[in-house]
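Heads up, the thing below is written out as C-alpha cells.
Numbering (my numbering), first residue to last: 2 to 59.
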C-alpha cells in the first residue's frame with residue numbers, strides 16, 4: 002500500500018459547513034471529498050503548467 006500524507010487545514014466556518022453538506026450529498030466523508038478536490042486541483046495545475054511550457058516552445 003502506498004504511503005499517504007496527512008494535512009491539517011483550518012477553514013472558515015462557512016467553508017467547513019459547505020464541505021460537510023457537499024460530502025453528505027455525495028455520501029462520502031469530508032476527508033474523502035477534500036482528498037478528491039485537492040487531487041483534482043493539483044492535476045489540473047500540473048496540466049496547465051505542462052500546457053504552458055509546451056506552448057512556450059518555439
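Cβ coordinates follow ideal geometry from the N, Cα and C atoms, glycine included.
Quick caveat, the model's predicted, so the values are computed rather than measured.
How is the alpha helix (DSSP H) around residue i delimited, first residue to last?
i, result
"residue 46", "31–56"
"residue 19", "14–26"
Using C-beta distances below 7 Å, list every residue in its chain close to residue i, excluding the 5 sequence neighbours before and after it, in chain order.
i, result
"residue 21", "31"
Excluding the 5 residues preceding and the 5 following residue i in the sequence, name in chain order all residues of the same chain whose CB lies nearer than 8 Å to its CB.
i, result
"residue 24", "30, 31, 33 and 34"
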